[in-house]
Every structure is written in structure tokens, then in C-alpha cells.
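Engineer: Going by our numbering, the sequence shown opens with residue 12, and the numbers climb by one from there.
Note that CB positions come from ideal geometry on N, CA and C, so glycine has one too.
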Amino acid sequence: MRRPEQRLVVVENPGGAGQFVVVCDHASNRIPDDYKTFGFDPEALKTHIAWDPGALGVARQLMRSLDAPLIWPDVSRLVIDCNRPPDSVTLIVTESEGRPVPANQGLSDDERRRRLAHIHAPYHDAIDACLTERADQEIAIVAIHSFTPIYLGELRPWQVGIVFDDDRRVADRLLDGLKGDAKLTVGANEPYSPADEVYYTVARHARPRGLPAAMIEIRNDEIGDEEGEQRWAERLTSLLAKAPDSIRFESCM
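1. From this set, A206, Y203, D63, L186, which residue's C-alpha is nearest D36's C-alpha?
2. Cutting at 6 Å between CB atoms, please list the residues of its own chain near P223, excluding the five before and the five after it.
3. Report the three-state DSSP secondary structure of G68 (helix, strand or coil).
4. Looking at the structure shown, is G50 part of a helix, part of a strand, or coil, going by DSSP?
5. Three-state secondary structure (DSSP) at A5?
6. Take F49 and list the residues in its own chain whose beta-carbon comes closer than 6 Å to its own, dropping the five residues that flank it on each side.
7. Between which residues of its own chain and C141 is the CB-CB distance below 8 Å, once the five residues before and five after are set aside?
8. What do you reckon, are the CB atoms on H59 and N200 nearer than 8 Å?
9. Please check the pair P202 and W169, which I expect to be a contact at CB under 8 Å, by giving their CB distance rounded to whole angstroms.
10. What residue from V174, L56, R123, G164 has the CA that sits closest to P111's CA?
11. What are the partner residues of V20, as DSSP defines its beta bridges?
12. Runs of 3 residues minimum, wholly inside the segment 176-251: which ones carry the beta strand (DSSP E) assignment?
13. What separation, rounded to the nearest whole angstrom, lies between the Cα atoms of R145 and D44?
14. Taking the CB atoms as reference points, tell me whether L250 and G188 lie closer together than 8 Å.
15. Going by DSSP, which residues form a beta bridge with A154?
16. Look at the alpha carbon of R78 and the alpha carbon of A28, and state the distance between them as a whole number of angstroms.
17. Hey, could you find the ends of the alpha helix (DSSP H) E122 is sitting in?
18. When we look at the beta-carbon of S157 and count the other beta-carbons within 10 Å, is it buried (16 or more) or exposed?
19. Exposed or buried, which one is T143 when buried takes at least 16 other CB atoms within 10 Å?
20. Between I229 and Q30, what straight-line distance do the alpha-carbon atoms span, to the nearest angstrom?
21. Between R88, L195, S39, F51, which lies nearest to R71 when the distance is taken from Cα to Cα?
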């Protein structure tokens, strides 16, 4: 039996009464005790390879400022990526940016199913439960991520990117507000887009319900300390707090 401290899915502020539900797919770089022999360089676990540095700090401040529930898996994406479809080849990676992940190489089907059942499914079940409890309310989903300034040798100029699909109800409000700041370089579906398989969590939970939603990607050197996290949380709060007045909450399906 897993000890209580080994919880793999965290729900904070479950009774939040605001109009947003916040998710943070890559909040943690923790390798659970079940995977002590994971075989990955401990120093590498501190980098973006294992998680989205700064994302949880921003998400928690949004949770407080927007009175929003916050849901996140307390497991590194190297164990399993909760923001990927169960059949994705990147659900459980065998290497990341050229670094091998020994515990994922030659993975058995049974172990793959175990990680899906113990981590991936409970995370999405928790989001489902949160949204079902609010089925009669006007709510929107916001996913918080961070990205590295340089990826595979390529410099990324954006301080922030908004990722969205055909439903632009939240994205347009964020893009309009962020682009109003001349100091910011803002990406629309940059540095990722739904075509990169990064929009799974948002799409899985927003589309069937017709909920407004967007994913926010903040460059991680912008949120490398508490001051940066607070600055970005305040910036996003100022935009999101006004969004319900202009978002059409009726389904755009």
C-alpha cells in the first residue's frame, strides 16, 4: 500500500468558487519511491527535462488570486507525461534531449499500463471530478507551463506563448492583453502548438464540455525565482480576472 506522503495527484483549493480551473501538468520533478532505481542523473532532474520550473509557483498564485481549484501530478514527466495521449510515443520517453532514461528503455506493456493506471488516469479523473462538480457553472480551464529559453540549440525569443486550438475565447483575451506590453515578445501557438501533442489535457477536458480554455507557456528564465513568479501571476491575474466579462461561455463546439 502506498504511504500517504506518496500521493501522486494533488488537488489544492478544491472548493474554489472562481470561474477558472487551473491545471499544471508538469509541476513536479519528483521520482516516486516506487522508481528509486529510475537511473536518471539527479542533476538533470533539476532541469526542464524533468519538469516545468516555475510553473507551479505561478499556478499556485493564480489559484489564490482567482479562487481557482488547482490540480497537478506530483510526478516527473520522465516517469509518465500526463499531458500526452495514452497511445503517444512520447507518453514515456526513452531519452530526452539526448540523455537516456534507463528505466524507460525496454519498458514492458505491464509497466506501461501500471503507470497509466496509477498516475495518468487518476490525474485526469481528478480534473474530470472537479469539472463535473461545476457543471452548472460558467468556468474556463487554464493550463500553466514553462519552456526553456534554448531548445536543441535554438534560441526562443518569446517571453510567453499562448497555445490554443479552434476555440480562441480565452487565448484572444490573453494575447490582446499581453501584446499591449511593448516589453514583451508574445507567441501565438509558440513555442508549441496543438500539432505538437502538447494540448492533450486541455483538449481532453475542455472540448467535450464546450469550455473556454487555453494553455499559457512562460519562458522559465522569467519565473526563475519567487519575484518572477509573482510578477507573472499578477500580470496574468489582471487579464484573467477581466476575462469572464468578455468570454462567451456558451459552447463553441
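Structural biologist: A quick look at the data gives this:
1. Measuring C-alpha to C-alpha distances from D36 to each of A206, Y203, D63, L186 identifies D63 as the nearest.
2. By the criterion of a C-beta distance shorter than 6 Å, P223 is surrounded in its chain by A151, R180, V181, I258, once the five residues flanking it on both sides are discounted.
3. Of the three classes helix, strand and coil, the one that applies to G68 here is helix, per DSSP.
4. When DSSP states are grouped into helix, strand and coil, G50 belongs to the coil group.
5. Nothing about residue 5 can be read from this structure; the chain reaches only from 12 to 264.
6. Contacts found: I42, A114.
7. If we look at C141 and ignore the five residues flanking it on each side, its Cβ neighbours are V22, P25, V32, P80, I82.
8. No, the Cβ-Cβ distance between H59 and N200 is not below 8 Å.
9. Yes, P202 and W169 are in contact; Cβ-Cβ is about 6 Å, under 8 Å.
10. The shortest Cα separation from P111 among V174, L56, R123, G164 belongs to L56.
11. According to DSSP, V20 bridges with P84.
12. Qualifying beta strand (DSSP E) stretches, in chain order: 197-199, 224-230.
13. Near 34 Å, if we compare the C-alpha coordinates of D44 and R145.
14. Their beta carbons are under 8 Å apart, which means L250 touches G188 by this criterion.
15. Residue pairing by DSSP puts A154 in a beta bridge opposite V34, M226.
16. Arg is not the amino acid found at residue 78; the sequence shown has Asp there. Distance between the alpha carbons of D78 and A28: 6 Å.
17. Element bounds for E122: 120-126.
18. S157 is buried by the Cβ-count criterion.
19. Around the beta carbon of T143, a 10 Å sphere encloses fewer than 16 other beta carbons of the protein chains shown; the residue is thus reported as exposed.
20. Linking I229 to Q30 through their CA atoms gives a straight-line distance of about 22 Å.
21. Nearest of R88, L195, S39, F51 to R71, Cα basis: S39.
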